[in-house]
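Participant: First to last, the protein sequences are chains A and B.
Once you know that position 137 of the first sequence is 137 in my numbering, the rest is easy, because the numbers rise by one and skip nothing.
When you read off a place in the second sequence, starting at 1, and then add 337, the result is the number in my numbering.
Number of protein chains: 2
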Amino acid sequence: MVTLAEVAQHAGVSASTVSYVLSGKRSISTNTRQRVEQSIRELGYHPNAGARALASSKSNIIALMIPLRTDIYVPVMMEIAIAVATTARTHGYDVLLLTGEEGSDAVRRVTGSGLADAMILMDVELDDERLPLLRSTDQPSVLIGLPADTSGLTCVDLDFAATGALCVEHLAMLGHRDIAVIGEAPAVYERHTGFAERTLDGLRYRAKELGLRLLHRPCEGGYDAMAVTLARVLDERPGTTGFVVQNESAVEPLLALLRQQGRAVPEDVSVVAICPDQVAVQASVRLTSVAIPAQEMGRNAVERLVAKLQGHGSDEVVLIAPELTVRASTGPAPTAS
Amino acid sequence: MVTLAEVAQHAGVSASTVSYVLSGKRSISTNTRQRVEQSIRELGYHPNAGARALASSKSNIIALMIPLRTDIYVPVMMEIAIAVATTARTHGYDVLLLTGEEGSDAVRRVTGSGLADAMILMDVELDDERLPLLRSTDQPSVLIGLPADTSGLTCVDLDFAATGALCVEHLAMLGHRDIAVIGEAPAVYERHTGFAERTLDGLRYRAKELGLRLLHRPCEGGYDAMAVTLARVLDERPGTTGFVVQNESAVEPLLALLRQQGRAVPEDVSVVAICPDQVAVQASVRLTSVAIPAQEMGRNAVERLVAKLQGHGSDEVVLIAPELTVRASTGPAPTAS
DNA sequence: ACTCGCTGTCGAAGCGCTTCGACAACCTAT
DNA sequence: ATAGGTTGTCGAAGCGCTTCGACAGCGAGT
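Rendered as structure tokens:
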């Protein structure tokens, strides 16, 4: 293992000079810098992370806490995680992967040990147990998702309320009056995951404003669950012509079931999905959808965090505006009678 | 921030004693130990990770390199990652998330800087650029996946060759003679991803042994791509009655298309999938499938790695035996006219 | 010519921990 | 009673780096 001291010796300068070449925190003559850089290359020097962390009390690591659960759309999580990792790298940070399993303990461990300089939390619940800790520590953090009380916190998320509103508006504009919402699994609502509830709020509020009838049913996803849910919906509201689907694993089953029942999409019923674009275009009917901007959320979270670590950057809530892309699954409501 | 020295002072012992209480590397009297532990609790002490890493030259971190690409089944990757993270924690390790983006550089960076003690690589190609580096360093590593040459490496993977064979056998036993394989996206084969090719080898070898006809077609996934692929397959081999699907995003499209064409599953055609159980049971027809044991792979990889870090544990290739679960998508071949 | 203020470099002091050797205190075996 | 072995504790060195203050050298301003 090559050390700073060896590089210094090889280049004929002091250790501190090498350090300054590396960090750029003091000016170094071009000549010296080149000599040092040459030595670094020749010796294949890599600064030791532990020593750095100890001396500078900075680890250059960002902790990312991902949920253990797999009842919410996994590819979105993965995409966010990857976006976080790659964006972090462009800022010189590495990413430590924590699973939600440890909960608050993980937060304590990481902040306490200086393992990471900052953290990003995903899958935040409305009243998350980790929040008090986050507020009381001086370690910067960013949440992906929105808790009930955002005071003193920085959050990045899709504006799910606006997303809900947008879906309703689109259907309303096309003349649909009876709308059914196929939601996430019941467990997601039971644990008060913000995004699901906020979407629902947006849907309901706008539906009321526009005078539409709205029926919301959680759904586990998969064919069997969807079949049961759809049957119930059509039983209660036979006139339903518009669907909003928020559970990606219910999308395809819904389309198949509708087809099976002889209801054409989009001639008889319209379907709007809230899902990643990839899902929307790969479905059996190209879906009109509001995309979940996973990459942007991940990137944004890191950028906000880095800003905080550099001193500028303040607590704020960033809501990404939803965008609805019209594809082949929505059309004018069938004229009644 | 509380330091070891402060704990020592509070407990009335020396710093080294506290250290030994923490590590258990020397015997400590019950009395002293309890006093120290009490102080640790009272002061809320957390050992500083950087200092620890520097002094012990161990970071207690395992690096996990995941692929950036999203053309292979993402939930499997995620499940592996989560299994790695949770298993690592039970052994006292944290996980550093690296994306494939940096390639060999990441390996160099991590080993050179002592950021991690060991690493796990996913999505290994048959002739991976990172392998020479891995062989030449003394840092322990485990691959999830199988390169062409495994000498000097530890690998964990599902036995995909056996998986292919198993699928063929199952269909053969049911009387199917003409089998079509719907594979991963062409890009996956082009970059020589081991698992895809090994599955194919297993399929072909066993098909030949059993005297079956086999047709393999890569497929991007999604409805449109699957429609084209299926049309070609049925055009070339109209007598095809058995399908093996390895691309999870082609499964549902295939089922829908078959239904659409009036081919009943499993009465007219049988479908075997290679996919996680969750996908198999959520499909529109409960699928006979060989499960991809993501959790087991992640756990196994970590355990092997930890063994290596502790000195025991040697290079070896662990192939997990495939298990085929019969569900509702396979049945006897229709008697030829 | 003399001071002032840069610029570029160095030395030394830690950062908080692990670990080695030393050693006092005690126990056991002779 | 003495040598030998345990057991529990301590002090000090050092892991590889960052960073602060010091200062030599030099050009510019008066």
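The beta carbon of each residue, even a glycine, is placed where N, CA and C say it ideally should be.
For the putative contact between A:G44 and A:V18, defined by C-beta atoms under 8 Å, what is the C-beta separation to the nearest angstrom?
Facilitator: Wrong, their Cβ atoms sit about 14 Å apart, outside the cutoff.
Participant: Taking the alpha-carbon of B:V581 as reference, which of B:K545, B:H507, B:A644, B:P630 has the nearest alpha-carbon?
Facilitator: Comparing Cα-Cα distances from B:V581 to each of B:K545, B:H507, B:A644, B:P630, the minimum goes to B:H507.
Participant: Using a C-beta cutoff of 8 Å, does A:P363 count as contacting chain B?
Facilitator: In this structure chain A extends from 1 to 337, so residue 363 of chain A is not present and cannot be described.
Participant: Does DSSP put A:E220 in a helix, in a strand, or in coil?
Facilitator: Note: A:E220 maps to coil in three-state DSSP.
Participant: Mind listing, in chain order, the continuous alpha helix (DSSP H) runs of no fewer than 4 residues lying wholly within the stretch 369-396 of chain B?
Facilitator: Fully enclosed alpha helix (DSSP H) runs of 4 or longer: 386-393.
Participant: Nearest CA to the CA of B:A533: which residue from B:G429, B:E521, B:A544?
Facilitator: Cα-wise, what sits closest to B:A533 is B:E521.
Participant: Are there 16 or more other CB atoms within 10 angstroms of the CB of B:S366, so buried, or fewer, so exposed?
Facilitator: B:S366 comes out exposed.
Participant: By the criterion of Cβ-Cβ separation under 7 Å, what are the contact partners of A:Y93 in chain B?
Facilitator: Residues of chain B passing the Cβ test: none, with the nearest at roughly 11 Å.
Participant: For the beta strand (DSSP E) containing B:I611, name the first residue and the last one.
Facilitator: Its beta strand (DSSP E) spans residues 607-611.
Participant: So which residues on chain A does B:E482 lean against when the C-beta distance must stay under 8 Å?
Facilitator: Looking at the sequence itself, residue 482 of chain B is Gly, so the reference to Glu does not match. Here the premise fails: no neighbours, minimum Cβ distance about 18 Å.
Participant: Taking Cβ positions only, does B:P384 come closer than 8 Å to chain A?
Facilitator: Cβ-Cβ to chain A under 8 Å: yes for B:P384.
Participant: DSSP state of A:S141, grouped into three classes?
Facilitator: In the structure shown, A:S141 sits in a strand (DSSP, three-state: E or B).
Participant: B:L642 CB to nearest chain A CB: under 8 Å?
Facilitator: Judged by the 8 Å Cβ criterion, B:L642 is not in contact with chain A.
Participant: For B:V334, collect the residues of the same chain with a Cβ closer than 6 Å to its Cβ; drop the 5 residues on either side in sequence, then sort them by chain order.
Facilitator: Residue 334 of chain B is absent from the structure shown; chain B starts at 338 and stops at 674.
Participant: So what's B:V717 in DSSP terms, helix, strand or just coil?
Facilitator: Here chain B comprises residues numbered 338 to 674, so residue 717 of chain B is not present and cannot be evaluated.
Participant: Checking 8 Å against the spacing of the C-beta atoms, do A:V317 and A:T150 come in under that value?
Facilitator: Yes, the pair counts as a contact, with Cβ atoms nearer than the cut-off.
Participant: Please go through the same chain and pick out, in chain order, the residues whose beta-carbon is closer than 6 Å to the beta-carbon of B:V444, but skip the five residues on each side of it.
Facilitator: Excluding sequence neighbours, B:V444 sits near R467, L470.
Participant: Please report the straight-line C-alpha distance between A:H216 and A:V181, rounded to a whole angstrom.
Facilitator: Their backbone Cα atoms lie some 5 Å apart in a straight line.
Participant: Look at the alpha carbon of A:L324 and the alpha carbon of A:C167, and state the distance between them as a whole number of angstroms.
Facilitator: Answer to the nearest angstrom: the Cα atoms are 8 Å apart.
Participant: Given this structure, state the Cα-to-Cα distance separating A:R232 from B:G440, to the nearest angstrom.
Facilitator: When rounded, the distance between both Cα atoms is 51 Å.
Participant: With DSSP as the reference, please indicate the residues paired to A:E157 in a beta bridge.
Facilitator: Residue identity check: residue 157 of chain A is Asp in the sequence provided, not Glu. For A:D157, which the question treats as bridged, DSSP gives the partners A:L319.
Participant: So, helix, strand or coil for B:D515, using DSSP?
Facilitator: Note: B:D515 maps to strand in three-state DSSP.
Participant: Measuring straight from C-alpha to C-alpha, what distance separates B:I399 and B:E546?
Facilitator: Cα-Cα distance, rounded: 43 Å.
Participant: Just grab the DSSP bridge partners of A:L96 for me.
Facilitator: A:L96 is bridged to A:A63, B:L433.
Participant: Short of 8 Å Cβ to Cβ, which residues in the stretch 657-671 of chain B face chain A?
Facilitator: Residues: none.
Participant: Could you check which residue in A:R213, A:T229, A:L214, A:L212 has the C-alpha nearest to that of A:E220?
Facilitator: Considering only alpha carbons, the answer is A:T229.
Participant: Compute the Euclidean distance between the alpha carbons of B:E462 and B:R535, then round it to the nearest angstrom.
Facilitator: Taking the straight line joining both Cα atoms gives about 12 Å.
Participant: Among A:D123, A:L146, A:L174, A:A264, which has the Cα closest to the Cα of A:A161?
Facilitator: Minimum Cα distance to A:A161 is reached at A:L146.
Participant: B:A455: which of B:A564, B:E527, B:S396 sits nearest, CA to CA?
Facilitator: For B:A455, the nearest C-alpha among the options comes from B:S396.
Participant: Compute the Euclidean distance between the alpha carbons of A:P47 and B:G437, then round it to the nearest angstrom.
Facilitator: Each residue's Cα considered, the two are about 22 Å apart.
Participant: Assuming contact is defined by CB atoms lying nearer than 8 Å, are A:V84 and A:I120 in contact in what I supplied?
Facilitator: In contact: A:V84 and A:I120 (Cβ atoms closer than 8 Å).
Participant: Contact criterion: CB-CB distance below 8 Å. Does A:L68 meet it with respect to chain B?
Facilitator: So, interface residue.
Participant: For the stretch 463-490 of chain B, list every residue whose C-beta sits within 9 Å of some C-beta in chain A, in sequence order.
Facilitator: Per Cβ criterion, the list is empty.
Participant: Tell me where the alpha helix (DSSP H) around B:M338 begins and ends.
Facilitator: Taken as a continuous stretch (DSSP letters only), B:M338 belongs to no alpha helix (DSSP H), as it is neither H nor E.
Participant: Would you kindly work out how many angstroms separate the C-alpha atoms of B:P603 and B:A665, rounded to a whole number?
Facilitator: Each residue's alpha carbon lies about 7 Å from the other.
Participant: Please name the residues in the stretch 605-632 of chain B whose beta-carbon is closer than 9 Å to at least one beta-carbon of chain A, in chain order.
Facilitator: So the list reads Q615, V618, Q619, A620, S621, V622, R623, given in the order they occur along the chain.
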